[in-house]
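Have a look at the structure below, then the notes.
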Amino acid sequence: MRAVAKNDFEKNFFKLMNNAVFGKTMENIRKRVTVKLMSKYDGRYGVEAQISKPNFHSSSIFNENLVAIQLNKTDILMNKPIYVGLVVLDLSKTLMYDFHYNYIRQMYKDDCNLLYTDTDSFIYAVKWDDFNEDMKKNIHKFDTSDYSADNVFNIPCVNKKVVGLMKVDCNGQILTEFVGLRSKMYSTRVNNQDNMKKIKGIKASVVKKTIEFNDYLDCLRNSRIQSREQYAIRSKLHKVETIRQRKIALSPYDDKISSR
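Take the sequence shown: its letter number 259 is residue 1485 in this note's numbering, and every next letter is one higher.
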């Protein structure tokens, strides 16, 4: 369905549908709980009886006439195909490793450096005469459907949404600079213009308005931690309020790198 999608909404819709199915295969049944809303204290079905149960977890008082009781599950039916989700993840890793080791490393060897990798993406620095010409020779490995029809490299627009193929996010433009600080925290420049800014945990609007590529460089070169303010809407006991947070936006310290 994504292959015949005509706009971004349809592309994202079918992508999220696939993700939802995958998520249900990996759902942790042990985290499910029972919640009961009680309006009286005494009696067989009152609050007193519920909080006396051995599987009682916690309670939340909304008002004098309404209490929510959370109970742990006393029995669990393991009915989710966890192995399906595991296989999907392993197949994804296999495709990624195959592309990196059997194509990129074999073709470019020491002329290519891996700068950053995520679950389904690579960022490379390639020292080569004509990378785009190599793409055309190995077009079966790439989804180039988002390239413009009149792109300067004459790369054909083919393989739209074919599973297992790699896409070039810049679509023929030149990625000139990259700064990667830690997982989910990086920025790129395309044709010397700010292109992509990623910071997990910081609202996209804050990143867009208050973070620049040079902020990433400053953080990296001067080991300077940068914080930003953001606002969020929270609901506790059905009371909605707006809160102001000050969170670390950029940090040069990567706690996912293992020491050797």
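Note that CB positions come from ideal geometry on N, CA and C, so glycine has one too.
Subject >> Neighbour-count burial assignment, Y1493, 16 or more Cβ in a 10 Å radius >> reply: Nothing in the structure corresponds to residue 1493, since the chain is present only between 1227 and 1486.
Original post:
To which residues does DSSP link D1420 through a beta bridge?
Top reply: Listed as beta-bridge partners of D1420 by DSSP are R1415.
Subject >> Assigned secondary structure, G1406 (DSSP; H/G/I helix, E/B strand, else coil) >> reply: G1406 falls in the strand class under three-state DSSP.
**OP:** Going by CA-CA distance only, name the one from R1447, L1292, F1288 and L1297 that's closest to P1280.
**Re:** Nearest C-alpha to P1280: L1297.
Original post:
With burial defined as no fewer than 16 other Cβ atoms inside 10 Å of the residue's Cβ, what is the status of Y1412: buried or exposed?
Top reply: Here Y1412 is buried. Its C-beta has 16 or more other C-beta atoms within 10 Å.
Original post:
Looking only at DSSP bridge pairs, what is L1292 linked to?
Top reply: Residue pairing for L1292: DSSP places it in a beta bridge opposite N1289.
Original post:
Is the number of C-beta pairs between the region 1416–1423 and the region 1270–1277 that are closer than 8 Å three or more?
Top reply: No, the region 1416–1423 is not in contact with the region 1270–1277.
Original post:
The alpha helix (DSSP H) spanning Y1271 covers which residue range?
Top reply: For Y1271, there is no enclosing alpha helix (DSSP H), as DSSP marks it with neither H nor E.
Original post:
What does K1465 pair with, by DSSP beta-bridge criteria?
Top reply: When DSSP reads this structure, K1465 sits in a beta bridge with K1462.
**OP:** Measure the Cβ-Cβ separation of F1368 and K1393 and say whether it is below 8 Å.
**Re:** Yes.
Original post:
By Cβ distance, which residues of its chain are closer than 7 Å to K1241, with the 5 residues on each side in sequence left out?
Top reply: Closer than 7 Å at the Cβ level, and outside the excluded window around K1241, lie R1228.
**OP:** Would you mind listing the beta strand (DSSP E) stretches within the region 1310–1354 that are 3+ residues and don't spill past its ends, in chain order?
**Re:** The beta strand (DSSP E) runs lying completely inside the region 1310–1354 and spanning 3 residues or more are 1338–1344 and 1347–1352, given in chain order.
Subject >> beta strand (DSSP E) segment containing T1260, residue limits >> reply: Counting along the chain, the beta strand (DSSP E) containing T1260 begins and ends at V1259 to M1264.
Original post:
Of the residues L1463, A1294, P1382 and N1385, which one's Cα is nearest the Cα of V1259?
Top reply: Closest in alpha carbon position to V1259, among L1463, A1294, P1382 and N1385, is A1294.
**OP:** Thinking A1351 and N1364 are a contact (beta carbons under 8 Å), I'd like their distance in whole angstroms, please.
**Re:** Rounded, the Cβ-Cβ distance is 19 Å, inconsistent with contact.
Original post:
What first and last residue would you give for the alpha helix (DSSP H) that runs through T1436?
Top reply: T1436 -> alpha helix (DSSP H) spans A1430 to T1436.
**OP:** Express the C-alpha separation of M1333 and V1389 in angstroms, rounding to a whole number.
**Re:** If you take the alpha carbons of V1389 and M1333, they lie about 23 Å apart.
Subject >> Distance, D1372 Cα to N1233 Cα >> reply: Spanning the two alpha carbons is a distance of roughly 12 Å.
Original post:
Leaving out five residues before and five after Q1452 in sequence, what residues of the same chain have Cβ atoms less than 7 Å from its Cβ?
Top reply: Within the same chain, Q1452 has close Cβ partners D1441, C1445, A1475 and L1476.
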